[in-house]
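Order-wise, the sequence lines are chains A and B.
Be aware that the first sequence starts at 143, since it is given in my numbering, and climbs by one per residue.
Be aware that the second sequence starts at 2, since it is given in my numbering, and climbs by one per residue.
Even glycine gets a Cβ: it sits at the ideal position worked out from N, Cα and C.
Only one structure is covered here, and it is reproduced in the block below.
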Amino acid sequence: MTEQKLFSRREVKNAWFTTLSDLGFKTSVSLHNPLPVGRFSSDDFEVELDLFDSDGSTTLSSLVLARLASGDRITIDVSELLQHCKLAGDFVGAIRMVPQSLIGESQVALSRNDLIEWTSICDEFVGYTHIESGVVSGVHYQSPPMNDERLPSTRTMIVQSPKVVIGQHVDSHLLVFSPSTDPTFCSRIWFHIAVLNRTGDVMGRRSILIPARGRCRVSISEILRDADSYDDFVKLGGLGMVVGLAVGGVLSPLSLVHDDRGGLAVDHTLPPPYYVPWWGGEARKSASKMLIETLFPGVEV
Amino acid sequence: MLHVQNPFSFFDPHGHHRALVAIETFDADGTLIGSFDQELAPFASLAKPVVEVVGNRCASGFGSVTIDILPPPKFRDYLRRSTDKIPRIASPFWVRFWDDSGSQAFVHSIEADLTKFRGVAWPLSRVLIRKPTQVRWESDRTISVGEDMSVEAFVVNHSRTTLTTDCQWVSLDRGIESESRIQIEPRGTSLVSLPEEITGNIFLRLSRLSTPNAKPYVIVRNHEGLFGLTHG
Numbered sequence: 143m144t145e146q147k148l149f150s151r152r153e154v155k156n157a158w159f160t161t162l163s164d165l166g167f168k169t170s171v172s173l174h175n176p177l178p179v180g181r182f183s184s185d186d187f188e189v190e191l192d193l194f195d196s197d198g199s200t201t202l203s204s205l206v207l208a209r210l211a212s213g214d215r216i217t218i219d220v221s222e223l224l225q226h227c228k229l230a231g232d233f234v235g236a237i238r239m240v241p242q243s244l245i246g247e248s249q250v251a252l253s254r255n256d257l258i259e260w261t262s263i264c265d266e267f268v269g270y271t272h273i274e275s276g277v278v279s280g281v282h283y284q285s286p287p288m289n290d291e292r293l294p295s296t297r298t299m300i301v302q303s304p305k306v307v308i309g310q311h312v313d314s315h316l317l318v319f320s321p322s323t324d325p326t327f328c329s330r331i332w333f334h335i336a337v338l339n340r341t342g343d344v345m346g347r348r349s350i351l352i353p354a355r356g357r358c359r360v361s362i363s364e365i366l367r368d369a370d371s372y373d374d375f376v377k378l379g380g381l382g383m384v385v386g387l388a389v390g391g392v393l394s395p396l397s398l399v400h401d402d403r404g405g406l407a408v409d410h411t412l413p414p415p416y417y418v419p420w421w422g423g424e425a426r427k428s429a430s431k432m433l434i435e436t437l438f439p440g441v442e443v
Numbered sequence: 002m003l004h005v006q007n008p009f010s011f012f013d014p015h016g017h018h019r020a021l022v023a024i025e026t027f028d029a030d031g032t033l034i035g036s037f038d039q040e041l042a043p044f045a046s047l048a049k050p051v052v053e054v055v056g057n058r059c060a061s062g063f064g065s066v067t068i069d070i071l072p073p074p075k076f077r078d079y080l081r082r083s084t085d086k087i088p089r090i091a092s093p094f095w096v097r098f099w100d101d102s103g104s105q106a107f108v109h110s111i112e113a114d115l116t117k118f119r120g121v122a123w124p125l126s127r128v129l130i131r132k133p134t135q136v137r138w139e140s141d142r143t144i145s146v147g148e149d150m151s152v153e154a155f156v157v158n159h160s161r162t163t164l165t166t167d168c169q170w171v172s173l174d175r176g177i178e179s180e181s182r183i184q185i186e187p188r189g190t191s192l193v194s195l196p197e198e199i200t201g202n203i204f205l206r207l208s209r210l211s212t213p214n215a216k217p218y219v220i221v222r223n224h225e226g227l228f229g230l231t232h233g
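Here it is, written out as structure tokens:
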């Protein structure tokens with residue numbers, strides 16, 4: 143898609159993340175200015191932070207954190223920043239890496255491909271440090287343009303994650319948040335979850351509503367207990383899969399395996415094109431319809 | 002523990018396709034040291050301990066894993082009917098690491114095994130994978146290393162040619178702190194440790210990766226031995 147639309151310079155290269163204080167972890171974000179990369183020449187980034195509470199309401203806006211010259215790196219201690227600002231609870235953050243060459247431009251004409259190219263210049267590392275033990279877990283990912291009316295996008299999203307581990311000390315969670323490159327985006331997104339055992343049987347379901355730029359963490363044990371199937375799941379080894387269906391937009395899903403002694407496995411999930419690279423169009427629509435009939439009966443898309 | 006699901010259920014949910022999961026494990030020098038196949042029912046998943054595949058055959062104590070998820074013929078027909086493009090598929094999976102102290106980590110397979118392209122005759126396989134681009138790489142993550150912490154990186158060669166690469170641990174304050182040249186056979190793995198006297202804010206740089214996304218796996222342990230592990 144090469145059609146250009148107007149974007150704020152703050153929407154060019156973003157890093158979205160969420161905090162995890164509700165599980166006892168501090169949050170940091172490791173950033174790097176890798177420029178020059180490909181067709182992008184050497185440039186400084188102005189690093190700004192927007193912060194939203196779990197309901198998606200703006201808590202902080204355009205807080206300037208640093209200026210990163212080409213090759214520079216910085217680790218932003220988000221938890222320390224929150225403490226400094228006397229903010230408690232969990233938040234969704236959007237770090238705006240604003241190319242200095244665009245300062246002074248109120249808007250920039252960019253295509254979806256341009257935005258993907260900017261997204262791809264580097265990963266961001268979101269680190270979660272256990273407050274008691276100090277052990278650092280984390281995940282690398284990129285934040286492409288999402289939930290943006292200016293860009294063609296799907297209105298549903300499928301998550302398949304065979305990473306459910308339940309047992310003594312250990313629970314699994316889905317941590318989902320709703321980034322948006324579009325400041326006017328205000329849709330709430332339904333996220334339907336099905337927990338499957340190893341043989342593919344549905345053991346529990348839950349539906350949650352995620353506000354724009356909001357956040358939610360869901361315990362898989364809780365879903366199983368509510369469905370009265372926790373014991374059966376554990377008897378089969380406590381291992382299985384979680385399937386998610388987002389309706390009305392797309393979400394950033396992270397899967398967590400948490401040990402109450404401080405360990406945290408955190409990784410992003412892999413969307414369907416990681417399995418079938420050309421996936422899309424009518425085949426995708428038809429498969430999504432069948433999947434909803436099979437795993438999420440009654441859900442309206 | 003290897004974690005993988007039957008992905009075909011998500012692309013043709015009413016097709017009731019079974020998936021054949023073919024696991025192979027390789028020692029650090031790239032030698033095949035174990036294999037295991039299992040069929041998965043629709044929507045089923047597998048959690049397989051690596052030790053059950055490897056047994057006691059891993060002389061170096063570390064190595065690599067490939068998983069090929071093979072579709073049944075009727076799923077291949079379904080793909081061919083669904084697209085006019087080459088109906089290629091990939092087989093991503095996850096590996097869970099943990100210990101008795103409470104450490105937990107999950108990483109996904111970071112790169113395809115580019116030693117061969119499965120499901121086609123070998124001349125076509127050679128054409129499809131070509132010689133992958135070897136790219137310079139440095140981690141976007143800065144690791145804050147305190148005293149009594151340890152950092153190790155596992156570099157895997159996903160290509161079909163021997164990889165020679167220079168590994169550097171770079172301090173934000175002091176520049177290159179440590180440098181070593183390693184040579185890795187196809188499907189082999191090399192362990193690069195941060196010298197224990199180095200502390201502060203550091204990152205890893207490699208003069209080349211075997212394939213464009215062959216980022217190393219990095220394990221960071223705290224003073225109690227609890228660890229976190231990530232790719233890149």
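N- and C-terminal bounds of the alpha helix (DSSP H) containing residue i
i, result
"B/Q169", "From DSSP, B/Q169 is part of no alpha helix (DSSP H) but of the beta strand (DSSP E) over L164 to S172."
"A/H311", "It is not in any alpha helix (DSSP H) - A/H311 carries neither H nor E in the DSSP assignment."
"A/F159", "Where A/F159 is concerned, there is no enclosing alpha helix (DSSP H), although the beta strand (DSSP E) it sits in stretches over N156 to T160."
"A/H226", "V220 to H226"
"A/E259", "R254 to T261"
"A/F375", "Y372 to K377"
"B/Y79", "P74 to S83"
"B/S10", "F9 to F12"
Min CB distance residue i to chain B below 7 Å
i, result
"A/P178", "no"
"A/V277", "yes"
"A/P304", "yes"
"A/L381", "yes"
"A/L366", "no"
"A/V399", "yes"
"A/F267", "yes"
"A/V418", "yes"
"A/H174", "yes"
"A/D409", "yes"
Short CB-CB distance (under 7 Å) between residue i and chain A
i, result
"B/W95", "yes"
"B/F76", "no"
"B/A48", "yes"
"B/L227", "yes"
"B/R142", "yes"
"B/S194", "no"
"B/G189", "no"
"B/Q39", "no"
"B/I177", "no"
"B/F155", "no"
"B/A60", "no"
Neighbour-count burial assignment, residue i, 16 or more Cβ in a 10 Å radius
i, result
"B/I279", "This structure leaves residue 279 of chain B out entirely; chain B is present only between 2 and 233."
"B/T134", "exposed"
"A/F438", "buried"
"B/F63", "exposed"
"A/H311", "exposed"
"A/V278", "buried"
"B/L129", "exposed"
"B/V193", "buried"
"A/G271", "The residue asked about is misnamed: residue 271 of chain A is Thr in this sequence, not Gly. Buried."
"A/G231", "exposed"
"A/R152", "buried"
"B/D141", "buried"
"A/G246", "exposed"
"B/H224", "exposed"
Three-state secondary structure (DSSP) of residue i
i, result
"B/E153", "strand"
"A/I434", "helix"
"A/G280", "strand"
"A/I365", "helix"
"B/V55", "helix"
"B/S211", "coil"
"A/K427", "helix"
"B/E198", "coil"
Distance cut-off 6 Å: residue i Cβ against heavy atoms of the ligand MN
i, result
"B/L71", "Looking at this structure, you won't find the ligand MN or any other ligand, since it has none at all."
Bounding residues of the beta strand (DSSP E) (the contiguous stretch that carries residue i)
i, result
"A/N339", "I331 to N339"
"B/W126", "For the sequence presented, residue 126 of chain B should be read as Ser rather than Trp. That residue, B/S126, is in no beta strand (DSSP E); its alpha helix (DSSP H) goes W123 to I130."
"B/I68", "G64 to L71"
"A/F167", "F167 to H174"
"A/V306", "T298 to V307"
Integer Cβ distance of residue i from residue j, believed to fall under 8 Å
i, j, result
"A/L244", "A/V154", "7 Å"
"A/L93", "A/G382", "Residue 93 of chain A falls outside the range modelled here, since chain A spans only 143 to 443, and no answer is possible."
"B/L230", "A/S275", "Not confirmed; about 15 Å, so no contact."
"B/H15", "B/P72", "That belief does not hold up - the Cβ atoms of B/H15 and B/P72 are roughly 15 Å apart, past 8 Å."
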